[in-house]
Each structure stands twice: as C-alpha cells, then as structure tokens.
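Q: First residue of the sequence shown? That's 79 in the working numbering, and the numbers climb one at a time after it.
Where a beta carbon is used, it is the ideal one built from N, C-alpha and C, also for glycine.
Owing to the predicted nature of the structure, the values given are computational and were not obtained by experimental measurement.
The following block contains the structure, expressed as structure tokens.
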Amino acid sequence: MRRALIATLAVLVMLVVAYIVYWNVMASRSDEWVAYWAAPAPGKAWHATYSTTEVTGFPFALDIRVRDPVITWQERSGESVWQGPFLIARFKPWTLASFAIELPSEQTLQIDDGERLRMLSVTMDSGSATIGMDDGRMSTLHAAFRRIVVWHELNQPPVTADGLTLDYQAVEEEPAHDVSVVINGLGLAGNVVPPFDAVIPHVSTTLRWVGDLPDQGSLAGSLEAWRLTGGVIEVTDLKLDWPPLDVAADGTLALDSLLRPIGAFRADVVGYRDLLEAMEKAGSLEPGQAVVAGTALDIMAQRQDDGRKRLAVDVSIQNGMLSVGPIPVYPVGPVIPAEAGF
Numbered sequence: 079m080r081r082a083l084i085a086t087l088a089v090l091v092m093l094v095v096a097y098i099v100y101w102n103v104m105a106s107r108s109d110e111w112v113a114y115w116a117a118p119a120p121g122k123a124w125h126a127t128y129s130t131t132e133v134t135g136f137p138f139a140l141d142i143r144v145r146d147p148v149i150t151w152q153e154r155s156g157e158s159v160w161q162g163p164f165l166i167a168r169f170k171p172w173t174l175a176s177f178a179i180e181l182p183s184e185q186t187l188q189i190d191d192g193e194r195l196r197m198l199s200v201t202m203d204s205g206s207a208t209i210g211m212d213d214g215r216m217s218t219l220h221a222a223f224r225r226i227v228v229w230h231e232l233n234q235p236p237v238t239a240d241g242l243t244l245d246y247q248a249v250e251e252e253p254a255h256d257v258s259v260v261i262n263g264l265g266l267a268g269n270v271v272p273p274f275d276a277v278i279p280h281v282s283t284t285l286r287w288v289g290d291l292p293d294q295g296s297l298a299g300s301l302e303a304w305r306l307t308g309g310v311i312e313v314t315d316l317k318l319d320w321p322p323l324d325v326a327a328d329g330t331l332a333l334d335s336l337l338r339p340i341g342a343f344r345a346d347v348v349g350y351r352d353l354l355e356a357m358e359k360a361g362s363l364e365p366g367q368a369v370v371a372g373t374a375l376d377i378m379a380q381r382q383d384d385g386r387k388r389l390a391v392d393v394s395i396q397n398g399m400l401s402v403g404p405i406p407v408y409p410v411g412p413v414i415p416a417e418a419g420f
C-alpha cells in the first residue's frame, strides 16, 4: 500500500513538473508568436508594431499582454490604423484552437478611404472578444462591449451605446456567415425630431450573409462581384424599439446593378405615423406627404387594445425606392456613393 502511494505521488510530481516545464516553454515562445502575428506577409492585409510583451496567468491560463500596439490595415484605397495602450490575448495552455482578446478602455482609430481622413476616439468600460479558429481561419466570434463612447467629429456629440454584442459563425461547407448583433441604449449623435428621443433603447438583427467578398480591388468592385455571384443577405429577425416606433421584420436583401439595395421584407410596425411626421419635419419628405402616406397605411392597419394601430405589411426596395405596401415612401441610393472613392 505504501509503495502504491509513493508511486502515485511520484507520478503526480512528475506530471506537475512536466506541466510547469510545458507552461514555461509555451510562455517563452510567446514572443515568437506575437512577432509572427505582427509581421507583414504576402496576401496579408494588415501588420502591427508594439513595444514589449509580458506573459502571466500561470497555471491555468496563458495571458499575453502586448504593450503599445499599433495595427495597420491596408484598405482598397487607403489604410486604417488602430492603436491603444495594450492588447491582452488569453489562451488556455492546453489548446490554441480558441482564445480571448481584451481591449483597452481607451483607443483610437484612423480611417483613410482615399478621399477623407477620419479620426475616431473610442472609450468603453469593457470590451472583449472570444475567437474560435478552424484550419487557420476564424470560425466563431463572440464580442461584448459595455458603455461605449465614440467621438467621430469635432464639436459634435458622440455616438454611445450601453451595450453591444456581436456573434459570428462560419457556415460549414458553404460560403455563408451567420451574424447576430444586439445594441442596447444606442445614443445618436445628430439632432432627433420629436417625439423620438436621442437614445434608441434596443435594436437587434440576426442574419445570414451568403457569398464571400473578394479581397482584391475596390470595395465597389468586390460588392459587384459578390452581387454577380448571387450574394444575398437573409435577415431572419430585425427588431427596433424606439418609442413610439416598434418594428419587427424579416426578409432578404441584395444589390442591383447600381449597387442600390433591393429586397423584400415582412414587417410588423407600430408608430408608423409618428415616423412619417418626423421624417417630414426633418425634410426627408415633402410637406403633406406624411398625411397622405399615413392615411393610406391606416387602411391596411389594425387597431390594438391600447388604441394604437399596428401595421402588418410587405416592405420592398426596388429601383431605388422603398415602398410600404403599394405606397412609395423614400428614395434609396447606392450603398457606396459615387464620391466615396473606394
């Protein structure tokens, strides 16, 4: 019995020593991993610079802190540069198939699209992403951010959000990608026409992006190639809670030859008259159009127990016009304006 106990303890000690050696070997190689990750390479759209790295987390984690990272993406007509005081990559020592990224509370993003240079300053209470890898490519992503503030223009209020979550999963053996986005407490930067408030309590969508965007050429060229190969966006759940407006919808989107959205949706809408009147006040509709369109939509709507009217209707986008039922409501232009230059 004593010999068995001693043998068991010896095996445990050897396993512990082996794990300590393994963890330290993995930690010692972290500099190589970060250098490989940061280095430019043929066909790679981005590269990075940084000052130092540090590894912590023993025994059950391998946390790599990269200090002063600057990540540069080569865009089709310019480049984007992200920088912050640190990035932390969190691995489980026994697998590299998935990892988590922790973002700093303050960061900046510079976007040059070839026509205009944009500077964004971002602050947040917390931001993290968990990434799953398969054959060297991202297969899953879950990102969560709390209390985000984005300053995007001088002398303008920021865009804010109490919370934002993003989920992504590549569809197996198909050129398709499932995406879910949820935003709570979205604060708008521009002027908002009453009765709407500057904060949207909730907006969310679940969709499947079918088709891949080519990496080469301009964004407009990539979208055209995606369109020609049957690219489509299948929206299975779209929700907007912006009192007095409440929208739930599902449908399909694509692009026409002018890169304008085309699609068909089934929507359930409360507060459509308030929206039309606000659009008229903002100048998006001609004087009198809100009354005409609202009266026509009233015919198709049903009154609820609370006295408000709920409209269950088909919404279409075709030939550059958004129509609610048979009623043209709002012109829709290309997703990339001609003056954008990318």
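Pick out the complete alpha helix (DSSP H) segments inside the region 370-418, 4 residues or longer, and give them in chain order.
A: none
Q: Taking the alpha-carbon positions, what's the R386 to G329 distance?
A: In the sequence shown, the residue the question calls residue 386 occupies position 308. In the sequence shown, the residue the question calls residue 329 occupies position 251. Rounded to the nearest angstrom, the two C-alpha atoms are 25 Å apart.
Q: May I have the straight-line CA-CA distance separating V144 from Q380, to the nearest angstrom?
A: For the purposes of this step, residue 144 is taken as the residue at position 66 of the sequence shown. For the purposes of this step, residue 380 is taken as the residue at position 302 of the sequence shown. Going from the Cα of V144 to the Cα of Q380 covers about 58 Å.
Q: Would you mind reading off the limits of the beta strand (DSSP E) that contains K317?
A: Here residue 317 refers to the residue found at position 239 of the sequence shown. 310-320 is the extent of the beta strand (DSSP E) around K317.
Q: How far does the alpha helix (DSSP H) with M357 in it extend, from its first residue to its last?
A: What you label residue 357 is simply residue 279 of the sequence shown in a count that begins at 1. Element bounds for M357: 350-359.
Q: Helix, strand or coil for Y246? Go by DSSP, reduced to three states.
A: For the purposes of this step, residue 246 is taken as residue 168 along the sequence shown, with counting starting at 1. Note: Y246 maps to strand in three-state DSSP.
Q: Just checking my contact of A126 with V159 at CB under 8 Å: how many whole Å lie between their CB atoms?
A: For the purposes of this step, residue 126 is identified with residue 48 of the sequence shown, where counting begins at 1. For the purposes of this step, residue 159 is identified with residue 81 of the sequence shown, where counting begins at 1. Their Cβ separation, rounded to whole angstroms, is 10 Å, which puts A126 and V159 out of contact at 8 Å.
Q: Would you check if the distance between the CB atom of I395 and the CB atom of P322 is smaller than 8 Å?
A: Position 317 of the sequence shown, counted from the start, is the residue given in the question as residue 395. Position 244 of the sequence shown, counted from the start, is the residue given in the question as residue 322. Not in contact: I395 and P322 (Cβ atoms no closer than 8 Å).
Q: Which of helix, strand or coil does DSSP assign to T86?
A: By one-based count along the sequence shown, residue 86 stands at place 8. T86: helix per DSSP, three-state reduction.
Q: Could you give the uninterrupted runs of the beta strand (DSSP E) lying entirely in the region 166-226, keeping only those of 3 residues or more?
A: 173-180, 184-190, 195-201, 204-212
Q: Hey, quick one: how far does the beta strand (DSSP E) through V257 stretch, first residue to last?
A: Here residue 257 is taken as the residue at index 179 of the sequence shown, counted from 1. Start and end: 254-265.
Q: Work out the CA separation of H220 and A113 for me, nearest whole Å.
A: The count along the sequence shown starts at 1 and reaches residue 113 at position 35. The count along the sequence shown starts at 1 and reaches residue 220 at position 142. For A113 and H220, the distance between alpha carbons rounds to 25 Å.
Q: Rounded to a whole number of angstroms, what is the C-alpha to C-alpha distance between P292 and L301?
A: Against the sequence shown, residue 292 aligns to sequence position 214. Against the sequence shown, residue 301 aligns to sequence position 223. Each residue's Cα considered, the two are about 8 Å apart.
Q: Taking V260 as the reference, give the member of N269, D203, L242 with the closest Cα.
A: Taking the first residue of the sequence shown as 1, we reach residue 260 at position 182. Answer by Cα proximity: L242.
Q: Tell me where the alpha helix (DSSP H) around D324 begins and ends.
A: Position 246 of the sequence shown, counted from the start, is the residue given in the question as residue 324. D324 -> not in any alpha helix (DSSP H); beta strand (DSSP E) instead, spanning 323-333.
Q: When the Cα atoms are used, what is the spatial distance from V325 to L400?
A: In the sequence shown, the residue the question calls residue 325 occupies position 247. In the sequence shown, the residue the question calls residue 400 occupies position 322. Taking the straight line joining both Cα atoms gives about 16 Å.
Q: So which of G299, W320, L297, L331 has the shortest CA-CA distance to G309?
A: Mapped onto the sequence shown, residue 309 falls at position 231. Minimum Cα distance to G309 is reached at L331.
Q: Tell me, to the nearest whole angstrom, how far the beta carbon of A360 is from that of V393; I am working on the premise that it is less than 8 Å.
A: Position 282 of the sequence shown, counting from 1, holds the residue named residue 360. Position 315 of the sequence shown, counting from 1, holds the residue named residue 393. That pair is no contact at about 20 Å.
Q: Smallest Cα separation from L232: which of I226, S296, A207, R196?
A: Sequence index remark: in the sequence shown, residue 232 carries index 154 (1-based). For the residues I226, S296, A207, R196, the minimum Cα distance to L232 belongs to R196.
Q: Threshold first: 3 residues or longer. Then list the beta strand (DSSP E) segments lying entirely within the region 123-149, N to C.
A: With a minimum length of 3 residues, the continuous beta strand (DSSP E) runs that stay inside the region 123-149 are 124-127, 131-134, 140-145.
Q: Find the nearest neighbour of Q367 within the set L389, V313, I405, G349, judged by alpha-carbon distance.
A: Taking the first residue of the sequence shown as 1, we reach residue 367 at position 289. Checked all of L389, V313, I405, G349; the closest Cα to Q367 is I405.
Q: What separation, rounded to the nearest whole angstrom, lies between the Cα atoms of N262 and H280?
A: Walking along the sequence shown from the start, residue 262 turns up at place 184. Walking along the sequence shown from the start, residue 280 turns up at place 202. N262 and H280 have their C-alpha atoms roughly 5 Å apart.
Q: On the three-state DSSP scale, how would you describe S300?
A: Counted from its first residue, the sequence shown places residue 300 at position 222. Helix.
Q: Based on the DSSP output, what are the partners of I340 in its beta bridges?
A: Locating residue 340 in the sequence shown gives position 262, counting from the first residue. Answer is A332.
Q: Tell whether a beta-carbon distance below 8 Å holds between D240 and S258.
A: Stepping through the sequence shown from its first residue, residue 240 is reached at position 162. Stepping through the sequence shown from its first residue, residue 258 is reached at position 180. Going by C-beta atoms, D240 is not nearer than 8 Å to S258.
Q: Do you know offhand how far S106's Cα is from E132's?
A: In the sequence shown, residue 106 corresponds to position 28, counting from 1. In the sequence shown, residue 132 corresponds to position 54, counting from 1. In this structure, the straight-line span from the alpha carbon of S106 to that of E132 is close to 10 Å.
Q: Can A327 and V288 be called in contact, C-beta distance under 8 Å?
A: The count along the sequence shown starts at 1 and reaches residue 327 at position 249. The count along the sequence shown starts at 1 and reaches residue 288 at position 210. No, the Cβ-Cβ distance between A327 and V288 is not below 8 Å.
Q: Under 8 Å, do L333 and R305 count as touching if we go by C-beta distance?
A: Here residue 333 is taken as the residue at index 255 of the sequence shown, counted from 1. Here residue 305 is taken as the residue at index 227 of the sequence shown, counted from 1. Yes, they are a contact pair.
Q: Would you report the Cα separation of L63 and L83, rounded to the nearest angstrom?
A: Nothing can be reported for residue 63: it is not among the residues displayed for the chain, which extend from 79 to 420.
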